[in-house]
Structures are given as C-alpha cells and as structure tokens.
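Colleague: The sequence shown begins at 73 in the working numbering and counts up one residue at a time. Mind looking over this structure? Questions follow.
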Amino acid sequence: MDTENGIIIDIHPSAGNINDCEPFVERLNVIQEKFELDIKNVEADRGYDTAPIHHGLKKLEITCYISPIKSGTAFDTMSYREFRYNNETDSYICPKNKELPFTHLKKSKGQYSKVFSAKVKECKICPFREKCFGKSSSKRTIERPIAHELTEANRKRSKTDEYRQIQKKGEYGVKVHLGR
C-alpha cells in the first residue's frame with residue numbers, strides 16, 4: 073500500500089502453504105520496476121522480521137521499519153544478549169569470559185545460521201551452567217542468522233522517534249513509503 077495516497081499497489085495470490093513474507097522482497101522489486109518507483113522505506117509487522125527479508129531490503133537499498141520479534145529464551149536460561157559478540161574473532165564471549173567460537177553452519181526452513189559452541193569441559197565446571205543452558209545439555213550453543221546484524225539494526229531503529237512516527241501513521245499490513 074502507498075501510504076501517501078492510500079492506494080493498494082500490489083496483490084500477490086499464493087498457495088496456502090506459502091507464508092506472506094516469502095515473496096515480500098521479490099514483490100517490492102517487481103513494484104519498483106513495474107511502476108518505476110523509488111521505494112525508500114517499508115513498514116511491516118513482526119511476521120516479516122526475518123534475516124532474509126532484512127538482507128533483501130538492504131540489497132534493494134530500502135530502509136525497513138519492521139516490528140521486531142520479541143525474543144525469549146527456552147525455559148529460564150540466559151539470553152544470548154547476555155553474551156558479547158566479537159566481530160574480529162567471529163565468536164561470542166560468555167558472562168564468565170569464555171569463548172564460544174563459530175563451529176558450523178545450520179540450515180533450517182531455508183535460512184542459514186551460524187552456530188557458536190562453548191567447550192564441554194569449560195561448561196561442565198561453570199557456576200552459571202544450569203542458568204546458562206539448563207540441566208540436560210552439556211554446553212552452551214548460540215545460533216545466529218547469517219544476516220543477524222541487519223535484524224539487530226532494525227531492533228535499534230524500532231526504538232527511535234522516526235520508527236514510532238512511521239508505525240503510528242500506518243494501519244496493519246505491509247506499507248510502502250515512497251520518496252522518503
């Protein structure tokens with residue numbers, strides 16, 4: 073929807089087993105080309121807060137204002153946010169200053185994530201063990217989507233006045249903000 077004029081500019085029917093967010097970036101690209109538009113910003117609900125969408129929008133040079141997914145942790149364990157990410161070594165550092173290096177890639181539902189794992193011997197003697205990853209696991213692992221920094225940038229953007237103004241203007245569904 074073009075928010076300036078309240079016009080629906082694209083409808084894309086799809087099979088019932090296709091999530092609305094799957095053709096999102098492709099449809100924006102089609103809209104830009106078909107109508108010769110210069111889309112600068114898009115607004116969407118949290119169903120669109122995925123790494124592939126953020127990556128696709130970055131490639132199209134479109135700023136997104138997507139409601140961030142509220143992330144929790146399983147059971148009562150520590151959030152990955154309590155760990156520091158070290159960009160230079162591509163690893164996480166736990167609250168006890170132990171490194172969780174990148175170990176492998178994992179593919180789930182068409183999305184790739186990097187997996188970071190602590191050493192079992194270090195986790196075994198850690199006083200935070202149970203709070204960190206529960207009783208049944210042997211070590212802490214963190215999965216980080218390939219374009220994680222883009223979802224984090226959106227999360228930070230969601231705390232700005234500009235974000236609140238754009239969200240306040242809209243209703244529900246995906247909105248395209250032209251020429252801003």
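Yeah, the Cβ is synthetic: ideal placement off N, Cα and C, and Gly gets one too.
By the 10 Å Cβ neighbour count, where 16 or more other Cβ atoms means buried, how is VAL102 classified, buried or exposed?
Modeller: exposed
Colleague: Express the C-alpha separation of LYS241 and GLU234 in angstroms, rounding to a whole number.
Modeller: 11 Å
Colleague: Taking all protein chains shown into account, decide if ARG216 is buried (16 or more other Cβ within 10 angstroms of its Cβ) or exposed.
Modeller: buried
Colleague: Identify which residue in LYS181, PRO167, GLN183 has its Cα closest to the Cα of GLU194.
Modeller: PRO167
Colleague: With DSSP run on the structure shown, which of helix, strand or coil describes HIS176?
Modeller: strand
Colleague: With a cut-off of 8 Å on the beta carbons, I'd call ASP162 and ILE138 a contact; round off their distance for me.
Modeller: Rounded, the Cβ-Cβ distance is 26 Å, inconsistent with contact.
Colleague: For the region 197 to 216 and the region 167 to 182, state whether three or more C-beta atom pairs, one from each stretch, are separated by less than 8 Å.
Modeller: yes
Colleague: Rounded to the nearest angstrom, what separates HIS126 and GLY206 at their Cα positions?
Modeller: If you take the alpha carbons of HIS126 and GLY206, they lie about 32 Å apart.
Colleague: Helix, strand or coil for GLU243? Go by DSSP, reduced to three states.
Modeller: The predicted model places GLU243 with a pLDDT of 46, which falls under 50 and marks its position as unreliable; any figure quoted below should be read in that light. Look at GLU243 here: in three-state DSSP terms it is coil, with no helix or strand label.
Colleague: Mind checking whether TYR164 and ILE218 have CB atoms under 8 Å apart?
Modeller: no
Colleague: What are the start and end residues of the beta strand (DSSP E) that includes LYS228?
Modeller: Counting along the chain, LYS228 falls outside any beta strand (DSSP E), though it belongs to the alpha helix (DSSP H) covering 220 to 229.
Colleague: Starting from LYS203 and walking both ways along the alpha helix (DSSP H), at which residues does that stretch end?
Modeller: 201 to 205
Colleague: Please identify the residue among LYS142, PRO95, ASN158, LYS106 whose C-alpha is closest to the C-alpha of PRO124.
Modeller: Looking at the Cα atoms, PRO95 is the closest of the given residues.
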